[in-house]
Amino acid sequence: MSAFNNKIEEAIVKSPVSSWKQKVEWRKANRGWLNKSSAIAFRILDALEKKGWKKNRLAKELGVSPQQVSKYVKGEENFKLETICKLENVLGVELVRVIQSDEEVVLKDK
Amino acid sequence: MKIVPIFELPNTKLLTVKYDGQELDALETIQGQWSSTEFLREFFGKFKDDYYAKYGRSKLNTLVEQAKQLADKLFEKLYELAEDEETDALAKFFKPLDNRELASELYELQKLKAREEKRKSYLRIYAIRYKEKIIITGGAIKLTDRMEVRPHTKDTKDELNKLELVKSFLDKNNPEVTFSYIDVN
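Protein chains in written order, with this note's numbering: chain B, 238 to 347; chain Z, 3 to 187.
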C-alpha cells in the first residue's frame with residue numbers, strides 16, 4: 238500500500254466505503270418499476286398540493302409514520318396495491334389505472 | 003471532514019467527502035436529491051423559468067423524469083469510468099472548473115467539474131484532483147451559464163465554497179489545516 242503516504246490517505250483506508258455504488262447498481266436493476274413509482278409519487282405530491290395538505294397530514298390519515306410518507310414521495314417505493322388503494326381513497330384521486338381490453342389511451346393535446 | 007472511498011480498496015481512483023455533521027457523504031447526497039421525485043419537483047417548480055429560458059417549455063412531471071434519467075446516466079458513466087483501473091478515462095471525464103483553463107491542463111488540487119456531453123446537461127458534479135485521484139465535493143443543478151448570476155445559484159455558490167474547503171483540507175502546506183489532519187480519523 239505504498240500509494241498511501243500521508244495521514245489523509247491512511248484515513249481513506251480506514252473509512253467505510255460509500256453506499257453510492259450499491260445505489261447506482263440498484264437503480265439500474267430496478268429501473269422499470271422505479272419509473273412507475275416516481276410517476277405515482279408525483280401524483281401524490283400534486284394531490285397534496287391541491288388539498289393544501291402537508292406530508293404529516295397524509296401520514297395521519299393513512300395511519301403510517303411521516304417517514305413512510307417521505308418514502309412514498311421520493312419515488313423509490315415498491316407500492317403494494319393495498320397501499321395504492323388506501324392512498325387513492327384518502328387523497329380522492331386515481332393513482333393507478335388498469336386499462337381494460339376494450340379501452341385505449343388517448344393523450345390530451347398540450 | 004472525512005475522505006470516503008467509493009469502491010472497495012485498492013481502487014481509490016474515485017473518492018468523496020463526508021462533511022462534519024452530515025449523515026451522508028457528498029456523492030450519496032446528490033444521488034439522494036437527484037433520484038427524489040419530491041426534491042426535483044420542488045426544485046423545478048421553483049426555478050422552471052430558468053429552465054424554460056434555456057431549454058424551452060416543458061411540463062413539470064416531464065422535467066422531473068428527465069432529470070432523474072440524466073442523473074442515472076451520469077452516475078452510471080461515473081461508475082463505469084471509476085471501475086476501469088486500466089485507463090485515465092475518469093481523470094479525462096472531469097474538466098477544469100475554470101473555463102479559461104485548457105482541458106489538457108492538469109495539476110494537483112485542481113478544481114474540476116463533470117457533466118454529460120449533451121445539450122440538456124444541467125447536472126454538475128464537482129471535484130478536486132488529488133494525487134491522480136478524483137475527490138467528489140458535491141454537485142448542483144445548474145440552469146444558468148454562470149455560477150453566480152441568479153438567486154437559485156445559491157446552491158452552486160455553496161458548491162464553490164465546498165471546493166475551496168476541500169482544497170484547503172487537502173493542502174498539507176496550509177498550516178491552518180494541519181489540525182484537521184490530526185482530526186481526520
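Note that the Cβ used here is the ideal one computed from N, Cα and C, for glycine as well. Small disclaimer: the values here were computed from a predicted structure and weren't measured.
For the pair G289/B and S38/Z, the CB atoms are not nearer than the 9 Å cut-off. Straight-line spacing of the CA atoms in A248/B and S256/B works out to 18 Å. CA-CA distance, E87/Z to I136/Z, rounds to 13 Å. Taking a C-beta distance under 9 Å as the contact criterion, L145/Z and D52/Z qualify as a contact pair. Just so you know, the alpha carbons of L318/B and F45/Z end up roughly 29 Å apart.
Of all residues in the stretch 303-322 of chain B, those with a C-beta nearer than 8 Å to a C-beta of chain Z are S307, V310, K311, G312, E313, reading in chain order.
According to DSSP, Y132/Z shares a beta bridge with K135/Z. Put simply, the stretch 127-141 of chain Z touches the stretch 108-115 of chain Z. At least three CB pairs are less than 8 Å apart.
At a cut-off of 9 Å between beta-carbon atoms, S252/B makes contact with chain Z. Residue burial is scored here from C-beta neighbours: A266/B has fewer than 16 other C-beta atoms within 10 angstroms and is therefore classed as exposed. Within chain Z, the residues placing a beta-carbon under 7 Å from that of K260/B are Q33, ordered along the chain. For E67/Z, the C-beta contacts it makes with chain B under 9 Å involve N272, S275, A276, F279, in order along the chain.
Secondary structure at I245/B: helix, using DSSP grouped into helix, strand and coil. In the three-state reduction of the DSSP assignment, V168/Z falls in the helix class. With contacts defined as CB atoms closer than 9 Å, L26/Z and K20/Z qualify as a contacting pair. In terms of Cα proximity to F279/B, the closest of E246/B, V261/B, K308/B is K308/B. Counting only residues of its own chain and dropping the five nearest sequence neighbours on each side, K292/B has a CB closer than 8 Å to the CB of L285, P303, V306, S307, V310. DSSP, read as helix, strand or coil, puts P303/B in helix. For the pair G141/Z and D160/Z, the Cα-to-Cα distance works out to about 10 Å. DSSP, reduced to helix, strand and coil, places K56/Z within a helical segment of the structure shown.
E30/Z has a beta carbon lying within less than 9 Å of a beta carbon in chain B.
Annotation: N163/Z to D100/Z spans about 15 Å, alpha carbon to alpha carbon.
For F77/Z, the nearest CB of chain B lies under 9 Å from its own CB, placing it at the interface with that chain. Contact of P98/Z with chain B is not assigned, every C-beta pair being separated by 9 Å or more.
Scanning its chain for C-beta atoms nearer than 7 Å, with the 5 sequence neighbours on each side dropped, one finds no residue around W263/B. Less than 9 Å separates the beta-carbon of R268/B from that of D74/Z. Counting the other CB atoms within 10 Å of its CB gives A28/Z a total of 16 or more, which places it among the buried residues. Looking at the DSSP output, V19/Z bridges to I5/Z.
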